[in-house]
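Student:
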Amino acid sequence: MAGREIVIAMDLYGSLLSPDTVAQELELYYEKPKAYKISTTWRQRQLEYTWKLNSMGRFMPFPDVTKNALLQALAEAGSDMGSADLPNLMNMYDSMEAWEDVNDGFRQLAGVPNFKVVIISNGTHAMVSKGILRSKDLAVHADSIKEIICADEVQQFKPSPAIYKRLAERVGKTDAMKDVWMVSSDTFDITGALCMGMSAIFLDRRNTGWIDKTIPEIEPTGVLSSLSQVADFISSHYKIYGGI
Numbered sequence: 000m001a002g003r004e005i006v007i008a009m010d011l012y013g014s015l016l017s018p019d020t021v022a023q024e025l026e027l028y029y030e031k032p033k034a035y036k037i038s039t040t041w042r043q044r045q046l047e048y049t050w051k052l053n054s055m056g057r058f059m060p061f062p063d064v065t066k067n068a069l070l071q072a073l074a075e076a077g078s079d080m081g082s083a084d085l086p087n088l089m090n091m092y093d094s095m096e097a098w099e100d101v102n103d104g105f106r107q108l109a110g111v112p113n114f115k116v117v118i119i120s121n122g123t124h125a126m127v128s129k130g131i132l133r134s135k136d137l138a139v140h141a142d143s144i145k146e147i148i149c150a151d152e153v154q155q156f157k158p159s160p161a162i163y164k165r166l167a168e169r170v171g172k173t174d175a176m177k178d179v180w181m182v183s184s185d186t187f188d189i190t191g192a193l194c195m196g197m198s199a200i201f202l203d204r205r206n207t208g209w210i211d212k213t214i215p216e217i218e219p220t221g222v223l224s225s226l227s228q229v230a231d232f233i234s235s236h237y238k239i240y241g242g243i
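Position one of the sequence shown corresponds to residue 0 (numbering that gives the first Met the number 0), numbered consecutively onward.
#1: Could you please give the first and the last residue of the uninterrupted beta strand (DSSP E) stretch that includes VAL147?
#2: Can you tell me which of PHE201, LEU193, TYR237 puts its alpha carbon nearest to the alpha carbon of SER225?
#3: Beta-carbon within less than 6 Å of ASP136's beta-carbon, same chain only, minus the 5 sequence neighbours each way: which residues are those?
#4: The beta strand (DSSP E) with VAL222 in it runs from where to where?
#5: So the candidates are GLY77, SER134, PHE114; which of them puts its Cα closest to the Cα of SER17?
#6: Excluding five sequence neighbours on each side, which residues of the same chain lie with their C-beta closer than 7 Å to the C-beta of ASP256?
#7: Excluding five sequence neighbours on each side, which residues of the same chain lie with their C-beta closer than 7 Å to the C-beta of LYS51?
#8: Measuring CB atoms only, is the segment 125-133 touching the segment 163-173, in the sense that at least three cross pairs come out at less than 8 Å?
#9: So for LEU69, helix, strand or coil by DSSP?
#10: To the nearest angstrom, report how far apart SER183 and ASP84 are at their CA atoms.
#11: Assuming LEU202 is part of the beta strand (DSSP E), what are its boundary residues?
#12: Please name the residue, chosen from ASP174, VAL117, THR20, that lies closest to TYR262 on a Cα-to-Cα basis.
#13: I'd like to confirm the pairing. Which residues does DSSP put opposite VAL117 in its beta bridges?
#14: Suppose contacts are defined by Cβ-Cβ distances below 7 Å. Is SER143 in contact with PHE105 by that definition?
#15: Is it a yes or a no for the segment 64-77 touching the segment 29-43, going by three-plus beta-carbon pairs under 8 Å?
#16: Could you please give the first and the last residue of the uninterrupted beta strand (DSSP E) stretch that includes VAL182?
#17: From GLY122 to LEU46, what distance separates their C-alpha atoms?
#18: Contact defined as beta carbons within less than 8 Å: I believe LEU11 pairs with SER120. What is the distance between those atoms, to the nearest angstrom?
#19: Whole angstroms is fine: what's the gap from MET0's alpha carbon to ASN113's?
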């Protein structure tokens with residue numbers, strides 16, 4: 000596939016880094032069922048807050064969104080966690096482990112010369128960089144990540160068109176959107192990228208299939224169960240549809 004550059008845009012939280020790590024860490028403070036409930040609620044409220052802020056035309060840095068979501072998750076769980084312990088809980092979000100397929104997936108992507116891997120995230124640049132470097136399986140591939148595109152650059156969160164437009168601008172693909180491949184386990188991320196004319200792979204590690212009906216006529220370019228399948232899928236796509 001000698002020729003033009005193909006951009007692989009990775010989501011970080013939930014797609015490369017596993018939220019299960021947070022639940023396991025919370026078991027230091029709570030019994031397992033409560034730990035998992037807090038972890039799940041924390042992530043749900045975090046995403047809900049970003050969507051609400053987008054709808055209201057408001058923005059705040061993702062660490063603040065994450066902290067506020069944690070406070071609500073603790074309140075919903077009836078936790079009496081003291082404020083002195085909050086920094087320890089917040090640090091859990093900076094120390095998430097990668098999914099087990101990440102190492103192999105990155106190795107395969109690195110083997111294709113004209114693939115350019117970038118991260119696109121709601122997180123701040125500092126938060127994303129910390130998350131990458133603190134994950135042993137992701138840190139070893141830090142040099143393979145050529146750019147980090149963050150929501151604070153446009154003051155809007157995913158799936159606002161602004162952040163995907165910013166991605167295209169940063170990688171020089173505003174006139175070749177199909178050559179930008181969004182890879183994410185979040186359905187809203189996939190739909191957002193597709194609406195901007197990009198290609199998209201839904202990482203379906205839970206094997207649910209594509210069941211999102213936000214816009215029924217929109218479906219991902221591909222649905223894969225592992226990051227290790229991405230390089231071959233995209234390479235095969237270009238062979239089938241005319242190459243690069």
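Each residue gets a CB set at the ideal place from its N, CA and C atoms; glycine is no exception.
Tutor: In this structure, then:
#1: Here residue 147 refers to the residue found at position 148 of the sequence shown. Before going on, a small fix: residue 147 reads as Ile here, not Val. Boundaries of the beta strand (DSSP E) harbouring ILE147: 144-149, taken from the DSSP string.
#2: As a working note, residue 225 is residue 226 in the sequence shown. When each option's Cα is compared against that of SER225, the closest is PHE201.
#3: Position 137 of the sequence shown, counted from the start, is the residue given in the question as residue 136. So the qualifying residues of the chain are ALA97, VAL101, ASN102.
#4: Residue mapping note: residue 222 aligns to position 223 of the sequence shown, counting from 1. Following the DSSP letters along the chain, one finds VAL222 inside the beta strand (DSSP E) bounded by residues 221-223.
#5: Position 18 of the sequence shown, counted from the start, is the residue given in the question as residue 17. The shortest Cα separation from SER17 among GLY77, SER134, PHE114 belongs to SER134.
#6: As displayed, the chain neither begins before 0 nor continues past 243, which places residue 256 out of reach and without an answer.
#7: The residue labelled residue 51 in the question sits at position 52 within the sequence shown. Cβ within range, chain order: n/a, list empty.
#8: Contact fails: fewer than three Cβ-Cβ distances are below 8 Å.
#9: To locate residue 69, count along the sequence shown from 1; it is residue 70. Reduced to three states, the DSSP call for LEU69 is helix.
#10: If you number the sequence shown from 1, residue 183 lands on position 184. If you number the sequence shown from 1, residue 84 lands on position 85. Spanning the alpha carbons of SER183 and ASP84 requires a straight line of approximately 31 Å.
#11: Along the sequence shown, read from residue 1 onward, the residue named residue 202 stands at position 203. Taken as a continuous stretch (DSSP letters only), the beta strand (DSSP E) holding LEU202 covers 198-202.
#12: With the chain represented from 0 up to 243, any question about residue 262 goes unanswered, as that position is not in the structure.
#13: Locating residue 117 in the sequence shown gives position 118, counting from the first residue. Note: VAL117 sits in a beta bridge opposite ALA8, GLU146.
#14: Mapped onto the sequence shown, residue 143 falls at position 144. Mapped onto the sequence shown, residue 105 falls at position 106. Closer than 7 Å, so yes.
#15: Segment contact: the segment 64-77 against the segment 29-43, three or more CB-CB distances shorter than 8 Å; contact assigned.
#16: For the purposes of this step, residue 182 is taken as the residue at position 183 of the sequence shown. Per DSSP, VAL182 is one residue of the beta strand (DSSP E) stretching across 179-183.
#17: Counting from one through the sequence shown, the residue named residue 122 turns up at place 123. Counting from one through the sequence shown, the residue named residue 46 turns up at place 47. C-alpha separation (whole angstroms): 12 Å.
#18: Locating residue 11 in the sequence shown gives position 12, counting from the first residue. Locating residue 120 in the sequence shown gives position 121, counting from the first residue. At roughly 5 Å, the Cβ-Cβ gap stays under 8 Å, so LEU11 and SER120 are in contact.
#19: In the sequence shown, counting from the first residue as 1, residue 0 sits at position 1. In the sequence shown, counting from the first residue as 1, residue 113 sits at position 114. Confidence at MET0 is low in this model, with a pLDDT of 46, below 50, so its placement is unreliable and the value that follows should be read with caution. Roughly 8 Å between the two C-alpha positions.
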